[in-house]
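Residue numbers (my numbering): 107 to 469.
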């Protein structure tokens with residue numbers, strides 16, 4: 107139970123006893139009339155979403171789900187939350203973070219690694235604000251080419267995406283065997299070390315299951331707009347399907363919507379990312395979404411808000427791997443995620459947790 111709730115319950119309990127001693131006047135009980143539960147009014151949270159914003163059916167939506175869960179649990183009062191989305195190019199990304207800090211939020215959560223340079227530069231001007239960055243590297247400082255070292259109010263929340271990608275790679279290879287297919291595909295968003303972790307894990311999972319399968323690889327672009335270009339995502343996916351890929355896994359944010367369109371047109375399969383995208387796509391697309399690599403951005407956002415309210419959010423880096431419940435795979439498509447596949451993936455999952463399988467982070 108959070109400290110603020112324990113503190114609140116003691117005086118409420120005393121008041122309840124006094125009211126009982128004075129008798130019941132037959133009025134309505136405010137505790138049972140459907141009122142909103144108590145919330146932590148001492149915490150104020152601002153969320154800066156990245157390109158694609160709410161409705162991207164991927165990264166930003168997962169972060170928003172974490173914020174919504176925190177509100178529902180009373181970890182923060184809804185009226186004490188705010189969010190901003192960037193323009194199409196993300197050029198006002200830093201302005202949004204500064205605006206949320208200037209608004210007085212004592213916790214600002216930035217959704218995406220591209221916020222790291224700006225927060226590294228500006229966090230020192232907001233000593234009373236705690237910043238948390240999904241996929242961040244702001245605390246890496248000068249070693250990562252940034253301006254400042256020793257930040258005391260920044261937390262980078264990162265994931266072992268390669269571990270979750272290993273599992274969906276294995277799933278794709280098993281299904282490819284059933285389809286008598288020897289080619290798979292990977293669609294990345296922006297080139298660079300982050301998305302290469304997805305690629306590396308996926309390729310390793312495929313190779314561990316069937317080393318004779320080839321994996322085609324395409325990237326949409328070399329800047330953050332690559333995560334919001336569904337048309338190019340569709341074109342590159344179609345290219346890989348035409349080259350023989352029967353299943354394509356994407357790590358391309360909102361650009362992944364193009365993969366699902368291409369999968370329907372080619373009558374082939376796709377693997378989603380971040381959220382359970384089977385639950386987010388159209389009814390026409392659902393049969394083509396085999397599984398998704400679950401990157402629990404929602405958990406990271408929720409836990410950051412909880413820790414922020416309790417005063418326990420640690421400065422520095424926090425890593426969410428398979429052992430921490432930070433990555434996993436989805437099972438919603440029961441027609442394709444059959445018991446034999448799930449059984450094999452769960453065995454591999456435990457081997458990763460136990461450290462018996464070390465998944466590579468780079469291709």
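Glycine included, C-beta positions come from ideal geometry on N, C-alpha and C.
What do you reckon, are the CB atoms on residue 327 and residue 358 nearer than 7 Å?
-> Sequence index remark: in the chain shown, residue 327 carries index 221 (1-based). Sequence index remark: in the chain shown, residue 358 carries index 252 (1-based). For residue 327 and residue 358, no; Cβs fall outside 7 Å.
Ends of the alpha helix (DSSP H) at residue 48?
-> Outside the displayed span of the chain (107 to 469) sits residue 48, for which this structure offers no information.
Rounded C-alpha distance that separates residue 376 from residue 438 = In the chain shown, counting from the first residue as 1, residue 376 sits at position 270. In the chain shown, counting from the first residue as 1, residue 438 sits at position 332. The alpha-carbon atoms of residue 376 and residue 438 are separated by roughly 14 Å.
List the whole-angstrom C-beta distance separating residue 214 from residue 165, where the pair is believed to meet the contact cut-off of C-beta under 8 Å.
-> Numbered from its first residue, the chain shown carries residue 214 at position 108. Numbered from its first residue, the chain shown carries residue 165 at position 59. So it is not a contact: roughly 18 Å between Cβ atoms.
According to DSSP, which residues form a beta bridge with residue 356?
-> In the chain shown, residue 356 corresponds to position 250, counting from 1. According to DSSP, residue 356 bridges with 293.
Alpha-carbon spacing of residue 470 relative to residue 452, whole angstroms = Since the first and last residues shown for the chain are 107 and 469, residue 470 lies out of range.
Could you say which of 391, 378 and 312 lies nearest to residue 371 if we only look at CA atoms?
-> One-based indexing of the chain shown puts residue 371 at position 265. Comparing Cα positions, the closest option is 391.
Please report how far the alpha carbon of residue 155 lies from the alpha carbon of residue 412, in whole angstroms.
-> Within the chain shown, the letter at position 49 stands for residue 155. Within the chain shown, the letter at position 306 stands for residue 412. Rounded to whole angstroms, residue 155 to residue 412 spans 19 Å at the Cα level.
Length at least 3, wholly inside the stretch 390–446: the beta strand (DSSP E) runs in chain order | 395–401, 422–426 and 433–435
Whose C-alpha, out of 257, 320, 163 and 227, is nearest the C-alpha of residue 354?
-> Residue numbering aside, residue 354 sits at position 248 when the chain shown is read from its first letter. Here the closest residue by C-alpha is 320.
Roughly how many angstroms separate the alpha carbons of residue 239 and residue 273, rounded to a whole number?
-> Your numbering for residue 239 matches position 133 in the chain shown. Your numbering for residue 273 matches position 167 in the chain shown. Cα-Cα distance, rounded: 26 Å.
Got a sec: does the ligand MN put a non-hydrogen atom nearer than 6 Å to the Cβ of residue 328?
-> Questions concerning the ligand MN fall outside what the structure shown contains, since it holds no ligand whatsoever.
Other residues of its chain near residue 145: CB distance less than 6 Å, five sequence neighbours each side excluded | Position 39 of the chain shown, counted from the start, is the residue given in the question as residue 145. The beta carbon of residue 145 is closer than 6 Å to those of 180 and 183 in its chain, skipping five residues each way along the sequence.
Quick one: using the 10 Å Cβ neighbour count with 16 as the cut-off for buried, is residue 234 buried or exposed?
-> Within the chain shown, numbered from 1, the residue matching residue 234 stands at position 128. Label assigned to residue 234: exposed.
Apply the 10 Å Cβ neighbour rule to residue 335 and answer buried if 16 or more other Cβ atoms are within range, or exposed otherwise.
-> Residue mapping note: residue 335 aligns to position 229 of the chain shown, counting from 1. Classification of residue 335: buried, given that the 10 Å Cβ count is 16 or more.
Select from 263, 206 and 209 the residue whose C-alpha is nearest the C-alpha of residue 423.
-> The residue labelled residue 423 in the question sits at position 317 within the chain shown. The shortest Cα separation from residue 423 among 263, 206 and 209 belongs to 263.
Decide if residue 284 is buried, meaning its Cβ has at least 16 other Cβ atoms within 10 Å, or exposed.
-> Taking the first residue of the chain shown as 1, we reach residue 284 at position 178. The residue is exposed, with fewer than 16 neighbouring Cβ atoms inside 10 Å.
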